[in-house]
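> The opening residue of the sequence shown carries number 0 in numbering that gives the first Met the number 0; numbering runs sequentially from there.
Below are the structure tokens for one structure; questions will follow.
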Amino acid sequence: MPEIGLWNIAREEPDRVALVDPDERTIGYAELAGAADRYGAGLQQLGLRPGDCLVVMLPNGAELVELFFAAIECGLYIVPINWHLTGPEVAYIVQDSEAKAFVGHALFADAARVAAAELPARSRFAVGEIDGFRPLAELAVDGVPTERTQGAPMVYTSGTTGRPKGVKRPLPGTDPYDVPLASRGFFAGFGIAAFDDNVHLCGSPLYHTAVLNFVTISVQLGHTVVLMGRFDAEQMLRLIDRYRVTHSHMVPTQFTRLLALPEAVRAKYDVTSLRTMIHGAAPCPNEVKHAMLDWWGPVVVEYYAATEGGGATIFADEWLRKPGSVGKAWSYSVIKILDESGAELAPNQPGLVYLQMGGSSFAYHNSEEKTRESRVGELFTVGDIGYLDEDGYLFLCDRKSDMIISGGVNIYPAEIEGELVMHPAVADVAVFGVPDEEWGEAIKAVVQPAEGAVPSDELTGQIMAFAAERLARYKLPKIVEYADELPRDDNGKLYKRKLRDASWSGRARAI
Numbered sequence: 000m001p002e003i004g005l006w007n008i009a010r011e012e013p014d015r016v017a018l019v020d021p022d023e024r025t026i027g028y029a030e031l032a033g034a035a036d037r038y039g040a041g042l043q044q045l046g047l048r049p050g051d052c053l054v055v056m057l058p059n060g061a062e063l064v065e066l067f068f069a070a071i072e073c074g075l076y077i078v079p080i081n082w083h084l085t086g087p088e089v090a091y092i093v094q095d096s097e098a099k100a101f102v103g104h105a106l107f108a109d110a111a112r113v114a115a116a117e118l119p120a121r122s123r124f125a126v127g128e129i130d131g132f133r134p135l136a137e138l139a140v141d142g143v144p145t146e147r148t149q150g151a152p153m154v155y156t157s158g159t160t161g162r163p164k165g166v167k168r169p170l171p172g173t174d175p176y177d178v179p180l181a182s183r184g185f186f187a188g189f190g191i192a193a194f195d196d197n198v199h200l201c202g203s204p205l206y207h208t209a210v211l212n213f214v215t216i217s218v219q220l221g222h223t224v225v226l227m228g229r230f231d232a233e234q235m236l237r238l239i240d241r242y243r244v245t246h247s248h249m250v251p252t253q254f255t256r257l258l259a260l261p262e263a264v265r266a267k268y269d270v271t272s273l274r275t276m277i278h279g280a281a282p283c284p285n286e287v288k289h290a291m292l293d294w295w296g297p298v299v300v301e302y303y304a305a306t307e308g309g310g311a312t313i314f315a316d317e318w319l320r321k322p323g324s325v326g327k328a329w330s331y332s333v334i335k336i337l338d339e340s341g342a343e344l345a346p347n348q349p350g351l352v353y354l355q356m357g358g359s360s361f362a363y364h365n366s367e368e369k370t371r372e373s374r375v376g377e378l379f380t381v382g383d384i385g386y387l388d389e390d391g392y393l394f395l396c397d398r399k400s401d402m403i404i405s406g407g408v409n410i411y412p413a414e415i416e417g418e419l420v421m422h423p424a425v426a427d428v429a430v431f432g433v434p435d436e437e438w439g440e441a442i443k444a445v446v447q448p449a450e451g452a453v454p455s456d457e458l459t460g461q462i463m464a465f466a467a468e469r470l471a472r473y474k475l476p477k478i479v480e481y482a483d484e485l486p487r488d489d490n491g492k493l494y495k496r497k498l499r500d501a502s503w504s505g506r507a508r509a510i
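Put into structure tokens, the structure is as follows:
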């Protein structure tokens with residue numbers, strides 16, 4: 000076997016397949032490494048130096064992976080952009096990151112033009128045609144970068160509670176041809192080894208931290224990566240069957256779409272190649288998890304982490320003993336539950352979840368105050384509320400920013416959402432607090448009806464009767480409204496602020 004690492008594998012096994020792009024074109028390791036070299040040399044020729052930022056607004060495809068490794072080779076920070084954002088929102092990230100170059104795609108031309116307007120024309124590149132942008136091919140120059148040092152991604156948090164924040168880690172100053180120990184250890188924690196005929200399937204956008212990590216680490220470890228342009232449940236099964244996929248990173252929304260396929264469709268595809276199907280990023284209802292375990296077997300693994308770090312993992316056999324848990328701390332991580340004063344809480348007492356990931360550190364770019372507010376000593380929090388049981392397993396309740404305080408009682412919307420979404424007429428649901436003169440906050444549910452379900456008082460009655468069998472009375476929504484679609488990103492994260500803010504206009508929440 001060759002030594003791990005993109006450039007090492009490219010040298011020793013140049014024809015090994017590194018990528019299968021969304022059009023199912025295969026790209027070998029030597030081709031991928033060569034493209035990264037040329038883009039890296041071009042970025043250096045453009046004047047970018049270690050520590051500078053490259054912003055990319057691209058759909059899943061070879062170009063994004065090539066540019067990622069170019070940045071890694073040259074000591075740059077690469078900032079992948081959520082292409083659902085508007086031009087002004089992207090422009091904020093371009094300005095905040097102090098980007099020195101921008102690569103956009105013609106699919107997002109309008110937003111890209113606004114976002115990169117302040118950059119010099121020579122620093123704006125496009126896949127496809129965007130007015131005022133140079134073709135991406137012009138960035139590539141023959142040769143290899145003259146100065147090689149390890150770069151890093153700087154991913155901006157989703158901004159579900161305000162302006163997005165860039166999570167920035169110090170550059171290590173190591174050889175980019177060497178695979179970081181943390182990357183190898185991360186995959187080892189899931190039981191995924193280098194080479195071993197592993198094939199990774201990517202069905203989510205690469206602008207998400209975890210999705211980008213799983214794809215790029217898979218490449219570094221000699222795996223083939225199959226990229227989907229967008230998620231489609233039956234297409235995913237077809238790709239698993241065709242390419243003998245062994246592992247993937249998924250979110251619960253994708254599970255529900257897979258489970259919604261007719262049994263005859265599911266039965267058409269062989270999924271016995273699956274070894275480790277990892278999920279995280281959003282709460283997974285217990286009934287959905289059970290259904291996936293019944294279908295795919297004990298290959299379903301859950302983890303808890305954030306862009307800032309992590310984390311915990313729970314394998315199928317553990318989860319069946321501890322349903323609802325997101326696992327125990329990684330061997331190189333610490334998880335503690337602290338109260339508002341920073342004191343550690345006893346088992347089974349909910350509080351803020353604090354993490355520490357080995358010796359890793361980060362800061363929110365250009366936001367010392369936000370960095371300071373998230374920390375207690377070496378521990379940090381992203382605002383999740385949870386508890387550790389007596390065996391050290393972590394259970395999440397909700398985000399602090401989403402918690403409802405009604406009549407002085409803490410109510411966790413995620414629990415209510417997890418029950419309501421199991422009603423067959425509910426495709427999706429968001430639960431949040433709205434002002435109430437008597438109780439402080441009242442519980443409101445916004446329901447996205449399942450196909451064929453028609454919003455009505457009768458449907459509301461059926462949903463509430465269903466909820467009353469599964470939830471305590473004080474957790475039942477007082478208000479139920481309907482929406483054609485809820486504002487979620489492709490990773491399943493709900494932009495609840497967009498629904499809640501209208502109700503709180505001009506009023507301050509208790510949390």
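Quick reminder that beta carbons are idealized off the backbone N, C-alpha and C, glycines included.
What residues in its chain sit with their C-beta under 6 Å from that of Leu485, if we drop five residues either side in the sequence?
Asp427, Ala429 and Gln447
> Just list the residues that DSSP pairs Asp383 with in beta bridges.
DSSP lists Arg398 as partners of Asp383.
> How big is the Cα-Cα spacing for Ile515 and Arg133?
This structure cannot speak to residue 515, because the chain is shown only from 0 to 510.
> Note down the Cα distance separating Val479 from Pro349, rounded to an integer number of angstroms.
28 Å
> Which first and last residues belong to the alpha helix (DSSP H) in which Phe463 is found?
Checking the displayed sequence, the identity of residue 463 turns out to be Met instead of Phe. First-last of the alpha helix (DSSP H) with Met463: Asp456 to Ala467.
> For the 8 Å Cβ check, are there 3 or more pairs between the region 72-83 and the region 189-200?
no
> Where does Ala509 land, buried or exposed, given buried means 16+ other C-beta within 10 angstroms?
For Ala509, the predicted structure reports a pLDDT of 48, less than 50, and the residue's modelled location is therefore unreliable. The matter cannot be settled from this model.
> If I'm right that Pro251 touches Ala281 with Cβ under 8 Å, what's the distance once you round it to whole angstroms?
5 Å
> When you compare only the Cα positions, how much space is there between Glu367 and Met463?
45 Å
> Please report the distance separating the alpha-carbon of Leu470 from that of Ile92.
41 Å
> For Ala527, count neighbouring C-beta atoms within 10 Å of its own C-beta (all shown protein chains included) and say buried if the count is 16 or more, exposed if not.
Because the chain in this structure spans residues 0 to 510, residue 527 falls outside the shown range and cannot be described.
> Evaluate the contact criterion for the region 103-117 versus the region 46-59: three or more CB pairs, one atom per stretch, below 8 Å.
yes
> Relative to the C-alpha of Tyr302, which candidate in Val375, Ser203, Ala29 and Thr275 has its C-alpha closest?
Out of Val375, Ser203, Ala29 and Thr275, the CA that lies nearest to the CA of Tyr302 is found in Thr275.
> Just grab the DSSP bridge partners of Pro79 for me.
Note: Pro79 sits in a beta bridge opposite Val55.
> Hey, which unbroken runs of the beta strand (DSSP E) at 3 residues or more fall wholly within the region 131-192?
Entirely contained in the region 131-192, not one beta strand (DSSP E) run reaches 3 residues.
> Can you grab the Cα-Cα spacing for the pair Thr245 / Ala441, in whole Å?
46 Å
> What would DSSP say about Ile3, mapped onto helix, strand or coil?
coil
> Less than 8 Å separating the beta-carbons of Ala217 and Val210?
The question names Ala, but residue 217 in the sequence shown is Ser. The answer is no: Cβ separation not under 8 Å.
> Can you look up Ser96 in the DSSP assignment and give me helix, strand or coil?
helix
> Taking the alpha carbon of Ala449 as the reference point, which residue from Gly432, Val433, Pro423 and Ala29 has its own alpha carbon closest?
Pro423
> Quick one: Cα of Gly309 to Cα of Tyr481, how far?
35 Å
> How big is the Cα-Cα spacing for Leu66 and Cys73?
11 Å
> Would you check if the distance between the CB atom of Pro476 and the CB atom of Lys497 is smaller than 8 Å?
no
> The beta strand (DSSP E) spanning Val32 covers which residue range?
The residue asked about is misnamed: residue 32 is Ala in this sequence, not Val. That residue, Ala32, is in no beta strand (DSSP E); its alpha helix (DSSP H) goes Tyr28 to Leu45.
> From the DSSP output, in three-state form, read off Thr275 for me.
strand
> Rounded to whole angstroms, what's the CA-CA distance from Ser324 to Tyr363? Just pull it up for me.
29 Å
> Bridge partners of Tyr363, per DSSP?
Val166
> Hey, how far is the Cα of Lys321 from the Cα of Thr312?
Their backbone Cα atoms lie some 12 Å apart in a straight line.
> Could you please give the first and the last residue of the uninterrupted beta strand (DSSP E) stretch that includes Ile313?
Residues Gly308 to Ile313.
> Would you kindly work out how many angstroms separate the C-alpha atoms of Arg48 and Tyr411, rounded to a whole number?
46 Å
> So is Ala108 buried or exposed if we call it buried at 16+ other beta carbons inside 10 Å?
buried
> Helix, strand or coil: which one does DSSP assign to Leu211?
helix
> Is Glu12 helix, strand or coil when you go by DSSP?
coil
> Should Ala501 be labelled buried (16 or more other beta-carbon atoms within 10 Å of its own) or exposed?
exposed
> Going by alpha carbons, who is nearest to Glu2 out of Ala193, Glu97, Pro346 and Asp22?
Ala193
> On the DSSP bridge assignment, give the partners of Gln447 in chain order.
Looking at the DSSP assignment, Gln447 forms a beta bridge with Asp427.
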